[in-house]
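Asker: In case it helps, my numbering puts the sequence shown at residues 2 to 201. From the three backbone atoms N, C-alpha and C, an ideal C-beta is built for every residue, glycine too. None of these values were measured; they are calculated from a predicted model. Shown below is the structure under consideration.
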Amino acid sequence: MELSQSTTLILASTSKYRRALLERLAIPFSCADPKTAETAYENEAPEALARRLGDEKALAISTMYPNAIVIGSDQVAALSEKLIGKPGSVPAAEAQLRLCSGQAVHFFTAVSFARNGHVVAQRCVPTTVRFRELSAAEIADYVQREQPLDCAGSFRWEGLGICLFTSLESDDPTALEGLPLIATCDELRKLGINPLKTTI
Numbered sequence: 002m003e004l005s006q007s008t009t010l011i012l013a014s015t016s017k018y019r020r021a022l023l024e025r026l027a028i029p030f031s032c033a034d035p036k037t038a039e040t041a042y043e044n045e046a047p048e049a050l051a052r053r054l055g056d057e058k059a060l061a062i063s064t065m066y067p068n069a070i071v072i073g074s075d076q077v078a079a080l081s082e083k084l085i086g087k088p089g090s091v092p093a094a095e096a097q098l099r100l101c102s103g104q105a106v107h108f109f110t111a112v113s114f115a116r117n118g119h120v121v122a123q124r125c126v127p128t129t130v131r132f133r134e135l136s137a138a139e140i141a142d143y144v145q146r147e148q149p150l151d152c153a154g155s156f157r158w159e160g161l162g163i164c165l166f167t168s169l170e171s172d173d174p175t176a177l178e179g180l181p182l183i184a185t186c187d188e189l190r191k192l193g194i195n196p197l198k199t200t201i
């Protein structure tokens with residue numbers, strides 16, 4: 002995607018979920034694909050992985066548009082340190098939910114801000130989702146109805162997925178959707194972009 006060098010704010014993501022979240026702030030921004038590999042290093046902890054990938058995504062675009070503030074974000078889910086990715090298929094989604102049934106799954110959602118080829122701020126918001134004991138019929142019904150095949154953990158909490166939980170613990174529920182807006186607003190204000198002003 003070709004962006005103007007005068008672009009002020011860029012979201013380094015092709016995620017429709019992150020784009021929709023940032024649009025809630027009513028700040029003009031553009032999107033660009035950072036084209037970064039999302040593979041974990043050997044023995045890399047889930048939170049460290051999320052933070053590193055957020056940095057890498059922001060920096061990949063910042064080097065091309067040094068005058069812009071670039072937001073990079075990544076979310077990593079883990080069950081007892083075992084990474085849980087996007088299922089990609091119905092059988093994989095059902096298998097993930099069977100694994101998560103009755104368990105606590107930890108999500109780490111990192112957001113990084115880069116300018117002039119340097120990371121200038123970074124935050125990571127943890128969320129703990131505790132799942133109900135789920136029957137095979139409930140799992141099959143949920144996956145068939147909501148098709149959460151592009152979501153880590155195989156659910157959309159902002160939709161029917163909320164029925165899968167006994168509790169959700171987080172300082173910022175938008176983190177579970179893929180971009181922690183409270184942390185994002187806080188850091189943007191520090192960088193001179195206030196969502197509560199009509200212009201930036």
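1) Whole alpha helix (DSSP H) runs in the stretch 23-107 with 4 or more residues, listed along the chain?
2) Smallest Cα separation from H119: which of G89, A79, G179 and P67?
3) What does DSSP give as the partner residue(s) for L182 in the beta ladder?
4) Nearest by alpha-carbon distance to S136: which of R99, L22, Q123 and Q104 is it?
5) Compare the Cα-Cα distances from Y18 to each of E45, E39, P47 and Q76 and report the closest residue.
6) Roughly how far, in whole angstroms, is the beta-carbon of G89 from the beta-carbon of L150, given that I think they are within contact range, below 8 Å?
7) Buried or exposed: T213, going by 16 or more other Cβ atoms within 10 Å of its Cβ?
8) Taking Cβ positions, are S113 and A49 nearer each other than 7 Å?
9) What did DSSP end up calling A176 once you bin it into helix, strand or coil?
10) Alpha carbon to alpha carbon, how far is A138 from Q148? Give it in angstroms, no decimals.
11) Looking at the strands, I want to know which residues DSSP matches up with T110.
12) Using the beta-carbon count (16 or more within 10 Å), is E178 buried or exposed?
13) DSSP puts E170 in a beta bridge; with which residues?
Answerer: This is what the structure holds:
1) Within the stretch 23-107, the complete alpha helix (DSSP H) runs of at least 4 residues are 47-63 and 91-101.
2) It is P67 whose Cα lies nearest to the Cα of H119.
3) According to DSSP, L182 shares a beta bridge with no other residue.
4) Cα-wise, what sits closest to S136 is R99.
5) Comparing alpha-carbon positions, the option among E45, E39, P47 and Q76 lying closest to Y18 turns out to be Q76.
6) Confirmed, about 6 Å.
7) For residue 213 there is no data in the structure shown, the boundaries of the chain being 2 and 201.
8) Taking 7 Å as the cut-off, the Cβ atoms of S113 and A49 do not count as close.
9) Helix at A176.
10) Their Cα atoms are separated by approximately 15 Å.
11) Beta-bridge pairing links T110 to Q76 and V126.
12) E178 should be labelled buried.
13) E170 pairs with T129.
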